[in-house]
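4 protein chains.
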Amino acid sequence: MGQWREAYSVLADHLSARGIDVPGVLAALRAQHIETPSWGYADSGTRFKVFNQPGAARTAREKLADAAQVHRYTGVAPSVALHIPWDRVDDYGVLKEHAASLGLELGAINPNLFQDDAYRLGSLTNPDPAIRRLAIDHCLECIEIARTVGSRDISLWLADGTSSPGQDSIRGRKHRLIDALSEIYAAMPDPMRLLIEYKFFEPAFYMTDLGDWGMSYLMASRLGERAKVLVDLGHHPLGTNIEQIVALLLDEGRLGGFHFNNKKYADDDLTVGSINPYELFLIFCELIDAECDPSVDVDVAYMLDESVNLKPKIPALIQSVINVQVAYAQALLVDRTSLREAQESGCIIKAEEILLDAYRTDVRPLLAAMREEIGLDPDPLQAYLRSGYQDKIVAERGVADGGAGFQGA
Amino acid sequence: MGQWREAYSVLADHLSARGIDVPGVLAALRAQHIETPSWGYADSGTRFKVFNQPGAARTAREKLADAAQVHRYTGVAPSVALHIPWDRVDDYGVLKEHAASLGLELGAINPNLFQDDAYRLGSLTNPDPAIRRLAIDHCLECIEIARTVGSRDISLWLADGTSSPGQDSIRGRKHRLIDALSEIYAAMPDPMRLLIEYKFFEPAFYMTDLGDWGMSYLMASRLGERAKVLVDLGHHPLGTNIEQIVALLLDEGRLGGFHFNNKKYADDDLTVGSINPYELFLIFCELIDAECDPSVDVDVAYMLDESVNLKPKIPALIQSVINVQVAYAQALLVDRTSLREAQESGCIIKAEEILLDAYRTDVRPLLAAMREEIGLDPDPLQAYLRSGYQDKIVAERGVADGGAGFQGA
Amino acid sequence: MGQWREAYSVLADHLSARGIDVPGVLAALRAQHIETPSWGYADSGTRFKVFNQPGAARTAREKLADAAQVHRYTGVAPSVALHIPWDRVDDYGVLKEHAASLGLELGAINPNLFQDDAYRLGSLTNPDPAIRRLAIDHCLECIEIARTVGSRDISLWLADGTSSPGQDSIRGRKHRLIDALSEIYAAMPDPMRLLIEYKFFEPAFYMTDLGDWGMSYLMASRLGERAKVLVDLGHHPLGTNIEQIVALLLDEGRLGGFHFNNKKYADDDLTVGSINPYELFLIFCELIDAECDPSVDVDVAYMLDESVNLKPKIPALIQSVINVQVAYAQALLVDRTSLREAQESGCIIKAEEILLDAYRTDVRPLLAAMREEIGLDPDPLQAYLRSGYQDKIVAERGVADGGAGFQGA
Amino acid sequence: MGQWREAYSVLADHLSARGIDVPGVLAALRAQHIETPSWGYADSGTRFKVFNQPGAARTAREKLADAAQVHRYTGVAPSVALHIPWDRVDDYGVLKEHAASLGLELGAINPNLFQDDAYRLGSLTNPDPAIRRLAIDHCLECIEIARTVGSRDISLWLADGTSSPGQDSIRGRKHRLIDALSEIYAAMPDPMRLLIEYKFFEPAFYMTDLGDWGMSYLMASRLGERAKVLVDLGHHPLGTNIEQIVALLLDEGRLGGFHFNNKKYADDDLTVGSINPYELFLIFCELIDAECDPSVDVDVAYMLDESVNLKPKIPALIQSVINVQVAYAQALLVDRTSLREAQESGCIIKAEEILLDAYRTDVRPLLAAMREEIGLDPDPLQAYLRSGYQDKIVAERGVADGGAGFQGA
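Protein chains in written order, with my numbering: chain A, 1014 to 1422; chain B, 1014 to 1422; chain C, 1014 to 1422; chain D, 1014 to 1422.
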C-alpha cells in the first residue's frame, strides 16, 4: 500500500478527466456507515463444532471494546448491533454511556426468538398461544431496550417454520404471525422501525414462515410505513438476483437494511464479498441508482452479519468492512449518465462495459486517501495487526471452553 | 386394472369405517376440471432440437380434435387453453362453435410476448415505447378474443428480463411494467381475470422482470381484485416450498391458477407428478384446506403446461391428467380433523402419518369407480391406445419437418 | 391398519395374477436389514439450537437399549452404528456382549474427525503433519475397535475443507488425503471395508475435500478393493440424480453403503422419504436391478443417518425404518421383464407406467403380513407407542441440559 | 484507456517493487491462446426464440472471416473450433488453407450428436444399435476431418440421457457408452486427444449419461492417456467449486480443456466472467499453480463456448476474450510464495488478502502494454467498433430469417 499516493494521483486525474467528482466520491466514502454485530466478536460455529477463538469476546463490554477497534481503524463502523439476551445487561443506560465513551453508538436491537426451549415449534407462530405471548413479550422488551439506548431499528429474524410436511397449518401460522407482528408494531414509538428479515431455509427445513422477500414485504405492507424488509445476502436460494430484490424494495420504500455476508451454497455466513464480489458491487449500483433518484427515499441500515468461525474475529470484521467499502467505491465510479444512454438505446455491451470500467478500477488509493483525510492509517488491517490489541486480548481472555456442536450424546 | 372392483370394495369399506364420505370423494373427483393447453398437442422441444412427433397437431382444429380425445377418455378435461398467435384464426366465434361441437370449451387465452423480433429487449418492459405499444396492443387483442370465445382468464407469461448486468434499469423496467399492466387490466371487462405468471429465470438469464410470486403479487395488488397470480410448478428455484406459496396466495385471495408440470432442475416442463409426486399431493392438501375454510374464496384454474418432447402428445396428456387426479384423490382422503388436532398439540409424527396414510392409499380404484359412474373406461390410457386414434393421426398427419433447434449457422 | 388382512388378500391375488412371487417379496422384506445410528437416539440440533428431547439417550448403553426397541418392533434393525468418541467405552468387548444380550450387533464404526479443536483447518488434510498424525491415529483406534466388536465397516465422513478462497492448497490437500487414507487402509484387516463418504458442502463452505462421489471414487480406486463409496442421500447439490450415482457405483463394484435421510434444500437430515419418497423408490429400483444382474456383486450397508431435532427419537427412527421398507416393497413389485421390454423398444410412457404401477400400490398389507409372519405387531409405530417405553425413559432420564447452539457470547 | 501509459508506469514500478517479473507477465499474456467457436459467430437462441443478429455469419467461410477479426484485434485468438455438420464443407483441406490465409488455425472438432431425428432416445447410448452405429460413424468422420485439418482435439459433448424415470436402463446406457467411446478412441491417431465433456442437465432432464466430472473421468480413465475431461463452466450444479474440479483434474493429468462461459442459474451460456469474475480468477489461480508445479503436465485448451443471443457476435467474443485475459493477468500477479507460506501457517485472512491484492489490481494497463508490444490497439473492442467491419457485414449479410423457437404448431 506504500505507493498508493502515486497511484492515487494518476487515478484522480483520470477520474476527473472522465468527469467524476473525486472529492464527492471521497465524501461519500467518509459518510458510509457500516454497523458491526456484537455477536461477530464472540465465538460462533456450525452445528458440528464451535472452534473457540483465542481472545474472542465474552461479554457485552468486551464486544464493545472490540467493536471500537474496528471503528478506530476503519472510521466507518461507529455503531454496534445488539442481540438480546446475548447482550443482556442490568442497565442499558449505562451500556449506552459505556459505548459512547468508546466512541460508539448502539445500533439495531435483535430479539432472539430461537434459543429458548419453548420455541421448538415456533415463536410468534407457535400453535400454543402461551408461547406466542412469551415471544411477543420478548420483542416488547427489546423495543423498550431500543428506546432506552436510542436505537432506531428492531431487526427481527424469525427462525420459525416446520421441518415435516403436515407439521402445522401453513395458513394458520401466517395468521398468528400477522397478529403477533401487529401487536409488536403497535408498541413501537415513531420513528422506530421494524426490520423484518426473511430466510429461505434453516433451521426450519420443510417450510419457513418468512421464507422470501415477498413474505416479509406482505407483512410489512400490513403493518405500516415503519415496517421494512431486511435483506440478508445469504438468505436466498442459489441463483437469486439479489440486486433486483434490492431495487424493488427501494422503489417501494420498503428496504430497511442489510445483513452483509456471502455464501457459496446455503446461509454460509462467510465474509461479505469473499465469494462473489461483483454481486456486491451490483447491489451498491442499485443503491446509488436509487439515491440519485429524488422520487426514492433511501434510508438503509448497513449491517454486517457473518458467522466466520475460522478467522480471528476483529481482523475478519475489518476485512469485511473493507470489502464493503471497495464495492461501494467501485459503484460510485459508474458513469451513470452514459449508462442510462446505453440502456435506453439497447447497447448491451456498452452498458456492461461501463459497469466493468468502474469495477475494474483499483479503488484502494481512493480509500487510502479518504482514510488519511480523517487521520487514519491507509491500511486498517495492517494497522490493527501492528497495534498489539490482538495479542493483548488473547493474553487477557484466553480461549473459551466448550462449544462442541451437537454431541450425539 | 381388471381387479379394481374388488379392491374398490375393500377400500370403500375401509374408508367409510374411517369416516371418509366416499360418495363425496367420488363427486369431488368428478367435478375436478383440468384444462389442457393447445400447444401441448403440437411439437415442442429444447433449444437444441425439436423432435417432431408423428401425428402431432399442426392447426388449431387439430389441437382441438386431440384435446377432445383427452376429455373423451378422462372426462375431466373439458377446456383448452389457446395461445395467440399460435392458434390465431380468422373467426374466433367459429372456433368456439367448433370446440363446442367437440364437447369442449375454450379456456385461458395466452398472449405471446416472446417470439416477435421486436421483443429482443423485452415486451411490456422494453425501453422503446413503440415496442411496449406493440406488446400492449397484442394483449388488448387477446382480451378481445377472450371476450369473443367466452374465456374468463388471460394468462400472461412475460419472458421479459435482461441477460447482462447493466443491460437495463431494473426500476425503470418495473415502472414500465406497472404502466403497461394497468392499461391492459383497465381494458378487461368484469369478470375477466388477469393471471400473472412468474418465472425464476429463462429465457432472461441475468434478471427476470417477474421472477417470483412476490413480484407477481405486487403487480396484482396494484391492479385490482381480478388480477391474480398464476403458479407454474416449474418456475421456482430448487428447494422452494411451493405448497407454502399456494397457501399464502389462497389466503390472500390472489391465487388465480396453476400451470402443472414437474422439474428435476430448471423449468424442465416434464410430466406433472413425474419427479416428485408427493409435492403435488401436498399442494392439493393446501387447496383442499382452503376450500374447507369458509373465509377463503377459492377460484383456481387448473391447467397443464408441459413441454414433453419425447413422449407422444395425447398419451402424455392423458397420463398427466391421471397424475393430477391421483394426487387430488389422495389429498381428499386426508383425515383433516385428526390432522388439525395433531398439529395443535404438536404431535409432529402423528400429523405426518396422517398425510402418509392418505398418500400411501392406492386411489386407483376410486378413480376407476368414478370413471365408470360417468360411463368411461376405468383405464383412460389403455382405452385411448386401443382406440386407433393415434394410428389414424399418424397416418393422416405424418411428421412435421424442421425444428432443428439453433443451427450454429 | 385393522383391515389389512382383507386388503392383503386382494392384493396378493392381484400380484400373483400379475406374476409376482408374493412369498418371495415377503422373504425379501424379512431379509432387509437397516442399521440405526447410535447418535440417532441422542440429542442433536442445528447450529442455532439443540432442543433437548425428554428421554433422549445419554450413554452408549442407553442408545443400545433404545435401538433394541426399534429392532423389537420392526424386526429389521438388528445392528447399531457407533460413533467414536461419542460412544467411547472402556471395554468394547463388554459393549459387544451387552449389545448381543439385547439382540443387537454393533455395526459400522464412525470416526469423528470434526469435533477436536485441533481440526480447525482440517484433519487428514490439515497443513500441519502433527494434526494429520492425530487424525490418522484416531482412525487406527477405530479400526481396532471395529476388530474388537466384529464390525465389518469403517464409515469415514470427513468434514475437511476450507471456507475462504486461498485458505489452503487444493492439490496439496488432495495429496495429504491420499497419503493419510493409504495408511489407514493398509491397517485394515481383510475383510474390513473402508466406506468413504462425500458431502457437497458444510461445515466447510468454500471447498470440501471430498465433495462428490467422484472424489470418493477416486480415493477408493487408489486404495484397493475394500475401499468403497458411501452415499448419504442428503450430501448432493439439489437436482442431482442420486439413483444414477447409485447405479454407477454398483456397476463399478464400489457402492459400500448408504446413509439414509432426506432433504429439502441442504443437508437437512430429515426423515428418510419424508420430502420425496418417489426418489427413494427409484433408488431401490436401481439396487434391485443390480441384485438381479449376476455380473454385479451387491454388498451394500443400509444405515439411517438423520438429525431429526423436533421429533421424539425412537418413534422417528421407527418411522424412518418403515419409510425405507415401503420404498423397498414398492420397488420389489416392479415388473422388471416388461420394464426392460418397454425400455428396449423406446416406449417411454409404458416404462414409466410400470414404475408407477408398483409405486402406487399400497404395500402396507405386505409389510403387515411379513411382520405377522415373524411374530411382530403389524403396526410397529403404534405398538411402540402403546408399549409404555417412551414414558419410562422420559421419567427415568428426564431432559438433558444445555445445547443452546452458538451463543454469540 | 487513453491514460493507460501513466497508469502502467506506476503499476509496473509497484509490481516490480513487490518482486513481480513484469516482462514475464507480459510474455505470459502474449502467449495465452483462446480458441473461439465457429458457432459463436452464427445466430443462436433459447428454446423460445432465436433473435437473428444483423450480420451474423451464415457459412463456415463467414465464420472464419469473423474469427479473423477477433484475432486481429486481440492477438490471442488464433484458432477456431469447428462443429460438424454445421461447418461441413466439401473439402476440408481447402478450408484449412482458407483459414491459414486469414491467419487462423482450425481448432477442436465438435461432433454433433443431438440434432438428428435418430437421436431422440440418445446417440452413443441409444437402445438401438443401429443408431449407436450412426453416432459412432459420425465421430469417426470427425476424427478424419481432424486429421485432415490438423486438429489435435475432438471435443465430445453428449446430450444423451433420459427425461422420465424408468425410460431406460441407467447401467445399460453406461455399458453402451463405454463400448462406443472405446471404438472412437481406438480410431484416434496419436497425438489426437478425446476431450469428454459433461453436463449436469439439459436437454435430458431426468438423467444425463455424462452428468458430472466424475463420469467423464471414469470414461477417460477406461480409455487411455489421450482421453481427457473437458470442463464447461456452465455445466455444474449451482454452488459447485469449479476451481477444485480443475485442480483435481490437473493433478490427475486429465484436464483437457475448457469451454468458457458464465451462468446465473443453469447452462445460461452467458459471457465468460460476466456473472462472477472472481470465480474465473480463482480458476486461473489453479491453472497457474499447476503450471508452476513441475510434477504436473498442463496441456489445456482454452475455448470459448457461449450462446449470447442478445449481444452482437463479434464484439461479444472480443469482450469475452478480454474478460479471460483480465482474469489471467490478475492471477499472474498472485504472490505465490507468500501465499504458500500463509497457507502452511494457517493464516487464512493473509492468504485471502494475497489473492485479493492481485484481484483488485487494475490489470488493464498490463494488457494495453502487451497489445502495444505486438502492434495492436490497446483497446480491442473500440478498435473493432471503429473499423467499420460490423457495418460492412450488416450491410452485406443482412438478417437471417426464421429461428422462432418452438411454435406450438
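Yeah, the Cβ is synthetic: ideal placement off N, Cα and C, and Gly gets one too.
With DSSP as the reference, identify every bridge partner of residue i, one or two as the case may be.
i	result
H1046 (chain C)	Per DSSP, none; premise fails for H1046 (chain C).
D1166 (chain A)	A:R1206
P1124 (chain B)	B:I1097
S1092 (chain D)	D:E1118
L1268 (chain C)	C:V1242
To the nearest angstrom, report how far apart residue i and residue j are at their CA atoms.
i	j	result
P1178 (chain A)	Y1291 (chain B)	10 Å
D1103 (chain B)	F1294 (chain B)	41 Å
F1273 (chain D)	E1154 (chain D)	26 Å
L1246 (chain A)	M1232 (chain B)	24 Å
G1421 (chain B)	S1164 (chain D)	At G1421 (chain B) the pLDDT is 46, less than 50, meaning the model places this residue with poor confidence and gives no usable figure here.
L1190 (chain A)	D1282 (chain D)	42 Å
Q1388 (chain C)	L1268 (chain C)	In the sequence as presented, Gln is not what sits at residue 1388 (chain C); that position holds Gly. Cα-Cα distance, rounded: 33 Å.
V1259 (chain D)	Q1180 (chain C)	17 Å
Just mark residue i as buried or exposed, buried being the case when its beta carbon has 16 or more other beta carbons within 10 Å.
i	result
R1031 (chain D)	exposed
G1227 (chain B)	buried
P1204 (chain A)	exposed
S1333 (chain D)	buried
D1280 (chain A)	buried
I1097 (chain A)	buried
K1405 (chain D)	exposed
R1399 (chain C)	exposed
C1152 (chain C)	buried
Can a CB atom of chain D be found closer than 9 Å to the CB of residue i?
i	result
P1391 (chain C)	no
T1350 (chain C)	no
L1024 (chain A)	yes
Y1021 (chain B)	no
Kindly say whether residue i, judged by its beta-carbon, lies nearer than 9 Å to any beta-carbon of chain B.
i	result
F1419 (chain A)	Legend: pLDDT at F1419 (chain A) = 48, less than 50; position of this residue unreliable, no value from coordinates given.
If we cut at 9 Å on Cβ distances, does residue i have a partner in chain A?
i	result
V1102 (chain C)	no
M1014 (chain B)	Caution is warranted here: a pLDDT of 48 is assigned to M1014 (chain B), below 50, making its placement in the model unreliable, and the coordinate value is therefore given only provisionally. Taking Cβ atoms only, chain A never reaches closer than 9 Å to M1014 (chain B), which makes this a no.
T1253 (chain B)	yes
L1134 (chain C)	yes
Step through the CB atoms of chain C and report whether any lies within less than 9 Å of the CB of residue i.
i	result
V1321 (chain A)	yes
P1140 (chain B)	no
M1228 (chain D)	yes
_chain A contacts made by the segment 1207-1224 of chain B, where a contact means CB separation under 9 Å_ = Those residues of the segment 1207-1224 of chain B placed with their C-beta closer than 9 Å to a C-beta in chain A are F1213, F1214, Y1219, M1220, T1221, D1222 and G1224, ordered along the chain.
*When you check each C-beta in the segment 1288-1311 of chain A against every C-beta of chain D, which residues fall closer than 7 Å?*
The segment 1288-1311 of chain A vs chain D, Cβ under 7 Å: N1289, P1290 and Y1291.
_Selection of the segment 1257-1268 of chain D by Cβ proximity to chain C, strictly under 9 Å_ = For the segment 1257-1268 of chain D, the set of positions with a beta-carbon nearer than 9 Å to some beta-carbon of chain C reads Q1257, I1258, V1259, A1260, L1261, L1263, D1264 and E1265 in chain order.
_Please identify, using Cβ separations under 7 Å, the residues of the segment 1180-1211 of chain D that lie next to chain C, in order along the chain._
From the segment 1180-1211 of chain D, only Q1180, D1181, S1182, I1183, R1184 and K1187 have a Cβ closer than 7 Å to chain C.
*Listed in chain order, which residues of the segment 1369-1393 of chain B have Cβ atoms closer than 7 Å to some Cβ of chain C?*
Listed by position along the chain: R1373, T1374, D1375 and R1377.
*asked:* If the cut-off is 7 Å on Cβ atoms, which residues from the segment 1118-1132 of chain D count as contacting chain B, listed in chain order?
replied: Of all residues in the segment 1118-1132 of chain D, only F1127, Q1128 and D1130 place a beta-carbon less than 7 Å from a beta-carbon of chain B.
*If you measure beta-carbon to beta-carbon, which residues of the segment 1355-1369 of chain D are closer than 7 Å to chain C?*
For chain C, the residues of the segment 1355-1369 of chain D that bring a beta carbon within less than 7 Å of one of its beta carbons are Q1356, E1357, G1359, I1361, A1364, E1365, I1367 and L1368, in chain order.
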